[in-house]
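All residue numbers for the sequence shown refer to our numbering, where the first residue is 1 and numbers rise by one.
The next block holds one structure in the form of structure tokens; read it before the comments.
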Amino acid sequence: MTSLAEYTSLRIGGTPRSLVVATSQEQIIEAVAAADEQGRELLIIGLGSNLVISDDFVGDVLVIANKGIENDASACAGAWVSVQAGEILDDFVELATASGWTGLEGLSGIPGTVGATPIQNVGAYGQQVSDTIAQVRAYNRETKTIDTLFAQTCEFEYRTSIFKQQSNRWVILSVVFQLPLGTLSSPIHYNELAAKLGVEIGQRAPLLAVRDAVVALRNSKGMILLADDHDTWSTGSFFTNPVVTEAPAGAPTWSAKDGKTKVSAAWLIEQAGIGKGFGLNDRVTISTKHALAITNRGGGTAAEVLELAKYIQDTVHQKFGITLDIEPQIVG
Ligand SMILES: Cc1cc2nc3c(=O)[nH]c(=O)nc-3n(C[C@H](O)[C@H](O)[C@H](O)COP(=O)(O)OP(=O)(O)OC[C@H]3O[C@@H](n4cnc5c(N)ncnc54)[C@H](O)[C@@H]3O)c2cc1C
Numbered sequence: 001m002t003s004l005a006e007y008t009s010l011r012i013g014g015t016p017r018s019l020v021v022a023t024s025q026e027q028i029i030e031a032v033a034a035a036d037e038q039g040r041e042l043l044i045i046g047l048g049s050n051l052v053i054s055d056d057f058v059g060d061v062l063v064i065a066n067k068g069i070e071n072d073a074s075a076c077a078g079a080w081v082s083v084q085a086g087e088i089l090d091d092f093v094e095l096a097t098a099s100g101w102t103g104l105e106g107l108s109g110i111p112g113t114v115g116a117t118p119i120q121n122v123g124a125y126g127q128q129v130s131d132t133i134a135q136v137r138a139y140n141r142e143t144k145t146i147d148t149l150f151a152q153t154c155e156f157e158y159r160t161s162i163f164k165q166q167s168n169r170w171v172i173l174s175v176v177f178q179l180p181l182g183t184l185s186s187p188i189h190y191n192e193l194a195a196k197l198g199v200e201i202g203q204r205a206p207l208l209a210v211r212d213a214v215v216a217l218r219n220s221k222g223m224i225l226l227a228d229d230h231d232t233w234s235t236g237s238f239f240t241n242p243v244v245t246e247a248p249a250g251a252p253t254w255s256a257k258d259g260k261t262k263v264s265a266a267w268l269i270e271q272a273g274i275g276k277g278f279g280l281n282d283r284v285t286i287s288t289k290h291a292l293a294i295t296n297r298g299g300g301t302a303a304e305v306l307e308l309a310k311y312i313q314d315t316v317h318q319k320f321g322i323t324l325d326i327e328p329q330i331v332g
């Protein structure tokens, strides 16, 4: 059996007892229903880009690989696009920007499958999928039914949703996006992206220019998967940006719900004295390009990833009294 290191962006994970690659909704439901009936735990994987799987994991795995994109565009409603869960997110974003479907361009270059995007409400550069998701179709493991969840019932918030809160309840089969038609992006609300494009905050820019700018910014931070660049052997940001009532002086911030403030976790880490490239050993270190990514330099283990994460959490807490929450899913 193949090691799960081959199925995760961290290149870490044990060897499963069984691994099924499901290429249709029927195969997904069949595998999940069988595991539930037999009382077996089942680890569901898309592209493995947000998973830290322990080295001694020995369970059953289902890989979501159903494909297909159907578009029903109309001048009034925009593009109404139904995407199978196993489609690769960036392939879909590339298609959307080339087709004049707006609202996803800021998500260019994010690894993973479309089916995983609702789980942590994937977002970057001022956009998040909850801005454009209309419906999520999912197999409900409790009622054994296929449910259609409208966006309002998905409880989307910053890096979370009902699917993350009730993690074993639904298996996402497909996602429907409603995307306005146009050649310009949605308004740019992210300083770094606005500067790269040479536009003011709140202005729009050509869709393809935004995609190119986002990809260039992400590449400079090691935030696009590249097999020969260990800075990208990560889960992306390892910590979410904490939401606080009062941010430390000088910290980059964004406004959050209920009058609170979201603070840059990368800034907190660097100001706590932990620089890019830092590690407790030379197998697992912070990326040399981004303070928020924990990376496998080769031969790293899940235990070493979590040890470094704990060190970072403790150091930031000591300095600022702020707790950093872990973003990826920890398995085993
Ligand atoms: C280099 C890099 C950069 C990143 N940048 C960003 C970023 O900018 N913004 C951002 O939000 N995230 C980012 N991420 C995190 C990651 O891309 C997202 O979380 C992505 O949605 C994970 O998709 P996946 O298919 O790889 O999911 P996996 O890692 O395979 O799974 C993640 C979780 O979702 C569950 N899951 C997967 N598919 C399904 C399904 N169909 N039904 C039910 N449960 C499912 C899994 O069980 C697991 O709990 C980055 C990761 C990397 C490696």
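We put the beta carbon where it would ideally sit given N, CA and C, even for glycine.
Note that this is a predicted model, so its numbers are computed, not measured.
Only counting runs of 3 or more residues, tell me where the beta strand (DSSP E) segments fall wholly within the segment 216-280, in order along the chain.
List check, beta strand (DSSP E) in window: 253-255, 261-263.
Touching or not, the segment 97-110 and the segment 119-128, by the rule of three or more beta carbon pairs under 8 Å?
Touching, per the Cβ criterion.
Alpha carbon to alpha carbon, what distance is there between Q313 and A272?
Position 272 of the sequence shown, counting from 1, holds the residue named residue 272. Position 313 of the sequence shown, counting from 1, holds the residue named residue 313. If I take the Cα positions, the gap works out to 10 Å.
What are the residues that DSSP puts in a beta bridge with E70?
As a position in the sequence shown, residue 70 is number 70, starting the count at 1. For E70, which the question treats as bridged, DSSP gives the partners S82.
Could you pull the DSSP bridge partners for Q203 from this structure?
Looking up residue 203 in the sequence shown gives position 203. Paired residues: none, contrary to the question.
Any heavy atom of ligand 1 inside 7 Å of the beta-carbon of S108?
Along the sequence shown, one-based indexing puts residue 108 at 108. S108 Cβ: outside cutoff for every heavy atom of ligand 1.
L4 versus A35 - alpha carbon distance
Translated into positions along the sequence shown, residue 4 becomes position 4. Translated into positions along the sequence shown, residue 35 becomes position 35. Across the structure, L4 and A35 are spaced so that their CA atoms are roughly 19 Å apart.
Assuming contact is defined by CB atoms lying nearer than 8 Å, are T245 and K260 in contact in what I supplied?
For the purposes of this step, residue 245 is taken as residue 245 along the sequence shown, with counting starting at 1. For the purposes of this step, residue 260 is taken as residue 260 along the sequence shown, with counting starting at 1. One thing to note: T245 has its Cβ within 8 Å of the Cβ of K260.
Any 3 or more C-beta pairs closer than 8 Å across the segment 223-230 and the segment 282-296:
Here the segment 223-230 makes contact with the segment 282-296; the two share three or more CB pairs at distances below 8 Å.
Determine the extent of the beta strand (DSSP E) in which T145 is found, giving its start and end residues.
Your numbering for residue 145 matches position 145 in the sequence shown. Boundaries of the beta strand (DSSP E) harbouring T145: 145-150, taken from the DSSP string.
Can at least three beta-carbon pairs, one atom from the segment 19-39 and one from the segment 59-67, be found at a separation below 8 Å?
At 8 Å Cβ cutoff, the stretches touch.
Where does F156 sit, in a helix, a strand or coil, going by DSSP?
On the sequence shown, position 156 is the one that residue 156 refers to. Coil.
Decide if E200 is buried, meaning its Cβ has at least 16 other Cβ atoms within 10 Å, or exposed.
What you label residue 200 is simply residue 200 of the sequence shown in a count that begins at 1. Around the beta carbon of E200, a 10 Å sphere encloses fewer than 16 other beta carbons of the protein chains shown; the residue is thus reported as exposed.
Report all residues from its chain with a CB closer than 7 Å to the CB of S54; omit the five preceding and five following residues, and keep chain order.
Stepping through the sequence shown from its first residue, residue 54 is reached at position 54. When the five nearest sequence neighbours on each side are left out, the beta carbons in the same chain lying within less than 7 Å of the beta carbon of S54 are those of G14, A302, V331, G332, in order along the chain.
Flag A85 as yes when its Cβ comes closer than 7 Å to any non-hydrogen atom of ligand 1, and as no otherwise.
Stepping through the sequence shown from its first residue, residue 85 is reached at position 85. Shortest gap from the CB of A85 to any heavy atom of ligand 1: under 7 Å.
Close beta carbons around V305, own chain, < 6 Å, minus the five adjacent residues each side:
Position 305 of the sequence shown, counted from the start, is the residue given in the question as residue 305. Apart from sequence neighbours up to five positions away, the residues of its chain that approach V305 with a beta-carbon distance below 6 Å are V52, V284, I294, ordered along the chain.
Under the rule that 16 or more other beta-carbon atoms within 10 Å means buried, what is S220, buried or exposed?
Position 220 of the sequence shown, counting from 1, holds the residue named residue 220. Exposed, because fewer than 16 other Cβ atoms sit within 10 Å of the Cβ of S220.
Taking only three categories from DSSP, how would you classify N50?
Working through the sequence shown from its first residue, we reach residue 50 at position 50. Coil.
Could you tell me whether the segment 261-268 touches the segment 36-46, where touching means 3 or more Cβ pairs closer than 8 Å?
Look at the beta carbons and you see the segment 261-268 not touching the segment 36-46: under three pairs across the two are nearer than 8 Å.
Runs of alpha helix (DSSP H) lying entirely within the segment 83-150, each at least 4 residues, in chain order:
DSSP runs (the alpha helix (DSSP H)) wholly in the segment 83-150: 89-99.
Should E6 go down as buried or exposed, given a rule of 16 or more other Cβ atoms within 10 Å for buried?
Here the question's residue 6 lines up with position 6 in the sequence shown. The residue is exposed, with fewer than 16 neighbouring Cβ atoms inside 10 Å.
Collapsed DSSP secondary structure at L42 in the structure displayed:
Residue numbering aside, residue 42 sits at position 42 when the sequence shown is read from its first letter. It is a strand residue.
DSSP three-state label for I28, please.
Locating residue 28 in the sequence shown gives position 28, where the first residue counts as 1. Note: I28 maps to helix in three-state DSSP.
Do T97 and L181 have their C-beta atoms within less than 8 Å of each other?
As a first step, residue 97 is located in the sequence shown; it is residue number 97 there, counting from the start. As a first step, residue 181 is located in the sequence shown; it is residue number 181 there, counting from the start. Taking 8 Å as the Cβ cut-off, T97 and L181 do not qualify as a contacting pair.
Does the Cβ of Q120 lie closer than 7 Å to at least one heavy atom of ligand 1?
For the purposes of this step, residue 120 is taken as residue 120 along the sequence shown, with counting starting at 1. Yes, the beta carbon of Q120 sits closer than 7 Å to at least one heavy atom of ligand 1.
Would a C-beta distance cut-off of 8 Å place N50 and G112 closer than the cut-off?
For this step, residue 50 is matched to residue 50 along the sequence shown. For this step, residue 112 is matched to residue 112 along the sequence shown. Cβ distance < 8 Å, so N50 and G112 count as in contact.
Quick check on the DSSP output: the beta strand (DSSP E) that includes L19 runs from which residue to which?
Residue numbering aside, residue 19 sits at position 19 when the sequence shown is read from its first letter. For L19, the enclosing beta strand (DSSP E) begins and ends at 18-22.
According to DSSP, simplified to helix, strand and coil, what is I294?
Taking the sequence shown and counting its residues from 1, the one referred to as residue 294 is at position 294. Annotated three-state conformation of I294 is strand, per DSSP.
Would you decide whether K196 is buried or exposed? Buried here means 16 or more other CB atoms lie within 10 Å of its CB.
Indexing the sequence shown from 1 puts residue 196 at position 196. So K196 ends up on the buried side.
Could you check the C-alpha separation between F239 and I326 for me, to the nearest Å?
Here residue 239 refers to the residue found at position 239 of the sequence shown. Here residue 326 refers to the residue found at position 326 of the sequence shown. In a straight line, the C-alpha of F239 is about 5 Å away from that of I326.
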